[in-house]
Amino acid sequence: MNKLIRAKDITQIYSKNGSVMVKALQDVSLEIERGEFTAIMGASGSGKSTLMNILGCLARPTSGEYFLDGENVNNLSDDDLAKIRNRKIGFVFQQFHLLPRTDALENVELPLLYSERSDISKLAQHALEAVGLADRIHHQPSELSGGQQQRVAIARALVNDPEIILADEPTGNLDSRAGLEVIAVFQRLHAEGKTVILVTHAQEIAEHAHRIIRIKDGKIAGDEGVQNPLNARGELENLPGETEVMP
Amino acid sequence: MKTIRLTTNAFKGLAKNKMRSFLMMVGIIIGIATLIVILSITQGANKKIMARLNNFGPNAIMVHAGGGKMRGPSSVSEANLTQKDLRDISSVEGVRIVAPFQVKLNMPIKYQNQFTTATVMGAMPNWADAWKRGVTKGDFISTEDVELLKKVCVIGETVRKELFADGNPIGAELLIGKVKFKVQGILQKRGASPGGSDFDNLIVIPFSTASRRLMNQPKYIAMMRVIVDDPSHLKKISQQIRQVLRRNHHLSSDEEDDFRLRSSTQIVKMIKGVSGTLHIFLLLIAGLSLIVGGIVIMNIMLISVSERKKEIGLRKAVGARSKDILLQFVLESLAVTLTGGIFGFIVGILGIKIMELATGTPAVISWEALALAFGFSFIVGIIFGVQPARKAAKLDPVEALR
Numbered sequence: 000m001n002k003l004i005r006a007k008d009i010t011q012i013y014s015k016n017g018s019v020m021v022k023a024l025q026d027v028s029l030e031i032e033r034g035e036f037t038a039i040m041g042a043s044g045s046g047k048s049t050l051m052n053i054l055g056c057l058a059r060p061t062s063g064e065y066f067l068d069g070e071n072v073n074n075l076s077d078d079d080l081a082k083i084r085n086r087k088i089g090f091v092f093q094q095f096h097l098l099p100r101t102d103a104l105e106n107v108e109l110p111l112l113y114s115e116r117s118d119i120s121k122l123a124q125h126a127l128e129a130v131g132l133a134d135r136i137h138h139q140p141s142e143l144s145g146g147q148q149q150r151v152a153i154a155r156a157l158v159n160d161p162e163i164i165l166a167d168e169p170t171g172n173l174d175s176r177a178g179l180e181v182i183a184v185f186q187r188l189h190a191e192g193k194t195v196i197l198v199t200h201a202q203e204i205a206e207h208a209h210r211i212i213r214i215k216d217g218k219i220a221g222d223e224g225v226q227n228p229l230n231a232r233g234e235l236e237n238l239p240g241e242t243e244v245m246p
Numbered sequence: 000m001k002t003i004r005l006t007t008n009a010f011k012g013l014a015k016n017k018m019r020s021f022l023m024m025v026g027i028i029i030g031i032a033t034l035i036v037i038l039s040i041t042q043g044a045n046k047k048i049m050a051r052l053n054n055f056g057p058n059a060i061m062v063h064a065g066g067g068k069m070r071g072p073s074s075v076s077e078a079n080l081t082q083k084d085l086r087d088i089s090s091v092e093g094v095r096i097v098a099p100f101q102v103k104l105n106m107p108i109k110y111q112n113q114f115t116t117a118t119v120m121g122a123m124p125n126w127a128d129a130w131k132r133g134v135t136k137g138d139f140i141s142t143e144d145v146e147l148l149k150k151v152c153v154i155g156e157t158v159r160k161e162l163f164a165d166g167n168p169i170g171a172e173l174l175i176g177k178v179k180f181k182v183q184g185i186l187q188k189r190g191a192s193p194g195g196s197d198f199d200n201l202i203v204i205p206f207s208t209a210s211r212r213l214m215n216q217p218k219y220i221a222m223m224r225v226i227v228d229d230p231s232h233l234k235k236i237s238q239q240i241r242q243v244l245r246r247n248h249h250l251s252s253d254e255e256d257d258f259r260l261r262s263s264t265q266i267v268k269m270i271k272g273v274s275g276t277l278h279i280f281l282l283l284i285a286g287l288s289l290i291v292g293g294i295v296i297m298n299i300m301l302i303s304v305s306e307r308k309k310e311i312g313l314r315k316a317v318g319a320r321s322k323d324i325l326l327q328f329v330l331e332s333l334a335v336t337l338t339g340g341i342f343g344f345i346v347g348i349l350g351i352k353i354m355e356l357a358t359g360t361p362a363v364i365s366w367e368a369l370a371l372a373f374g375f376s377f378i379v380g381i382i383f384g385v386q387p388a389r390k391a392a393k394l395d396p397v398e399a400l401r
């Protein structure tokens with residue numbers, strides 16, 4: 000009955016150099032149901048990253064209300080926000096943000112370090128298996144391809160079993176094959192019931208989602224369902240060359 | 000659980016960046032090593048002081064003829080203490096023994112064709128009690144020897160070695176200056192005198208013989224060793240002796256003492272004055288190394304915080320609270336300083352051992368040294384680690400990830 004995400008009249012204002020005020024978001028309201036696969040689309044500077052930071056509890060809006068899982072996030076302390084990010088949100092970034100000189104397993108364990116879980120290496124191993132990297136757990140990021148690195152990052156986002164996967168341009172640094180492989184993982188996670196929010200500027204990536212919210216100049220410019228979402232797995236099969244075996 | 004994980008991660012982080020970690024540690028290693036060496040030297044010196052103090056006797060007061068500053072024993076040439084002084088000091092309450100003796104340093108000694116020089120003391124039989132030092136062989140000076148002005152002597156170990164090598168000296172006749180003396184005993188070994196010189200390079204002869212036959216000082220006494228019953232009354236008795244002597248010597252209130260009194264407390268002051276300067280210098284080096292080492296660590300940590308902005312942002316994004324980041328960076332700083340402290344401790348011990356081989360001063364390695372190494376490493380780690388850690392903890396995750 001309650002929506003997983005309910006944002007009301009979110010406005011975010013930055014002061015640049017102390018004087019010039021920049022309105023990154025203006026009265027944005029949106030709702031996302033549990034289990035939806037939503038793409039947030041917009042050009043760079045449109046405010047989509049700001050929106051993602053707010054939805055991911057990394058930042059607080061200047062004004063407006065944000066309810067996550069029925070809880071008003073505005074009133075929470077920094078420590079409580081950290082706890083929510085740890086438990087309910089899994090982030091995937093464009094630049095992967097893996098720790099260098101640290102193997103895949105330890106990278107995936109990272110969110111668990113800040114939880115009360117004790118069986119952390121087992122959980123991390125499961126997460127790596129879920130993204131098809133069971134044989135790469137002791138590889139360091141420098142020994143992995145871009146697509147593999149991003150899948151390690153997805154495993155890291157999954158390891159705490161969060162409600163929401165929040166991906167910010169996850170294919171931006173990947174070639175089209177690796178990008179499709181990553182999207183295929185998101186589609187499978189969605190099929191398994193996870194809520195996935197995909198921030199992107201590319202129409203062909205956004206069309207893998209079931210709903211596209213368009214942001215322009217800090218405002219919502221469009222919000223529609225996708226009639227026939229693209230199937231990343233199918234597209235991969237039509238690509239020439241070998242595709243990595245996915246579970 | 001969380002803290003344990005963060006701690007192991009902090010040490011793992013050190014291992015991942017060996018060169019940088021080592022450079023961060025150098026200052027700490029030098030500082031702690033110096034501290035360990037100083038501690039060992041200090042404890043060695045304290046042992047020496049205690050040994051000298053025991054030689055001097057914690058319940059002894061030395062009365063020197065002649066005023067002025069403290070220096071070695073008073074020679075007969077400046078003797079000005081009288082038999083009346085001796086009697087009056089003996090009657091001061093709490094005084095157990097008063098042993099008068101004449102002293103002449105560097106007297107030429109000859110036996111057959113062997114020459115040496117030694118300190119010669121003319122002593123009463125109670126000298127042995129006053130110094131708690133008798134003979135290992137033969138007889139000490141007796142009352143009869145003193146009464147009859149006998150030309151007999153008791154020799155110290157160093158003199159025995161110089162003149163007789165491995166032969167038996169008892170019964171032998173040697174020349175002190177131009178006077179012949181018969182050796183009748185060998186003194187117990189003592190090592191250093193209260194003044195620090197060789198206390199075994201000594202010949203003891205009867206007091207009367209020294210005064211009349213050898214040193215030409217029939218009237219006055221050069222030195223007295225006073226033994227008191229209770230060391231805690233040392234100061235009070237010293238003052239009483241001073242009054243007695245000033246009265247006997249008819250000194251008016253504006254005249255300086257024409258004698259000197261020394262007791263164990265002054266000896267300690269004297270020795271500490273010499274070694275203190277060196278200790279302060281070394282402590283300064285250790286302190287500076289630790290401060291410089293700490294600043295180097297702080298500097299590198301601050302750079303590291305800037306370099307690792309993305310990592311900090313990511314950790315915050317996946318659920319690290321500010322205090323988790325603070326803890327992580329403080330632990331990393333502590334990992335550097337504590338590892339540095341352990342290396343410093345090892346280097347310090349090696350240094351002491353090398354000094355032991357080079358100088359023969361025994362190395363003192365104590366648990367205090369280890370505790371000190373750990374304590375200082377910890378303090379430096381906290382002091383210089385907190386500032387960078389706070390900078391890291393304060394980072395905004397959105398800014399950091401950008």
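Chains as they are written, first to last, in numbering that gives the first Met the number 0: chain F, 0 to 246; chain W, 0 to 401.
Backbone N, C-alpha and C fix where the C-beta goes; we use that ideal spot for every residue, glycine too.
Neighbouring residues, chain W, relative to residue i (Cβ below 9 Å)
| i | result |
| --- | --- |
| F:K82 | G318 and R320 |
| F:N172 | Here the premise fails: no neighbours, minimum Cβ distance about 14 Å. |
Counted within 10 angstroms of its Cβ, other Cβ atoms place residue i as buried (16 or more) or exposed
| i | result |
| --- | --- |
| F:M0 | Confidence at F:M0 is low in this model, with a pLDDT of 47, below 50, so the placement of that residue should be treated as unreliable; the coordinate-derived value is given next. Looking at its Cβ environment, which holds fewer than 16 other Cβ atoms inside 10 Å, F:M0 is exposed. |
| W:T2 | exposed |
| W:P387 | buried |
| W:T142 | exposed |
| W:S90 | exposed |
| W:Q183 | buried |
| W:L394 | buried |
| W:K11 | exposed |
| F:P239 | exposed |
| W:D253 | exposed |
| W:A9 | buried |
Any C-beta of chain W under 8 Å from that of residue i
| i | result |
| --- | --- |
| F:H96 | yes |
| F:D90 | The question names Asp, yet the displayed sequence has Phe at residue 90 of chain F. Closer than 8 Å to some Cβ of chain W, the Cβ of F:F90 qualifies, so yes. |
| F:D248 | Absent from the structure is residue 248 of chain F, since the part of chain F shown begins at 0 and ends at 246. |
| F:S114 | yes |
| F:P169 | no |
| F:N85 | yes |
Short CB-CB distance (under 8 Å) between residue i and chain F
| i | result |
| --- | --- |
| W:E310 | yes |
| W:L400 | yes |
| W:V329 | no |
| W:V397 | yes |
| W:R4 | yes |
| W:K1 | yes |
Contact set between residue i and chain F, taken where Cβ atoms lie within less than 7 Å
| i | result |
| --- | --- |
| W:K315 | A81 |
Contact set for residue i: own chain, Cβ-Cβ below 7 Å, skip 5 residues either direction
| i | result |
| --- | --- |
| F:I4 | E30, I31, L54 and L67 |
| W:L371 | L34 and L38 |
| W:F383 | G293, I294, I296, M297 and S332 |
| F:L97 | N106, P140, Q148, V151 and A152 |
| W:Q239 | V91 |
| W:K109 | L173 and L174 |
Cβ neighbours of residue i in the same chain (closer than 8 Å, five flanking residues each side left out)
| i | result |
| --- | --- |
| F:R150 | V130, G131, L132, E180, V181 and V184 |
| W:I381 | V329, S332 and L333 |
Residues near residue i in its chain [Cβ-Cβ closer than 6 Å; skip 5 each side]
| i | result |
| --- | --- |
| W:L213 | V178 |
| F:R84 | C56 |
| W:G96 | Sequence check: residue 96 of chain W is Ile here, not Gly. Contacts found: N125, D128, A129 and I226. |
| W:S192 | F198 |
| W:A221 | A64, S73, V75, A78, Q101 and V102 |
Under 9 Å by beta carbon: chain F residues contacting residue i
| i | result |
| --- | --- |
| W:K352 | Per Cβ cutoff of 9 Å: no residues; W:K352 is ~37 Å from chain F at best. |
Contacts of residue i in chain W (Cβ-Cβ under 7 Å)
| i | result |
| --- | --- |
| F:R100 | K15 |
| F:P110 | V317 and G318 |
So if I threshold CB-CB distances at 7 Å, which residues from the segment 49 to 62 of chain F count as touching chain W?
N52, L57 and A58
Which residues of the segment 12 to 25 of chain F have a Cβ closer than 9 Å to any Cβ of chain W? Give them in chain order.
none
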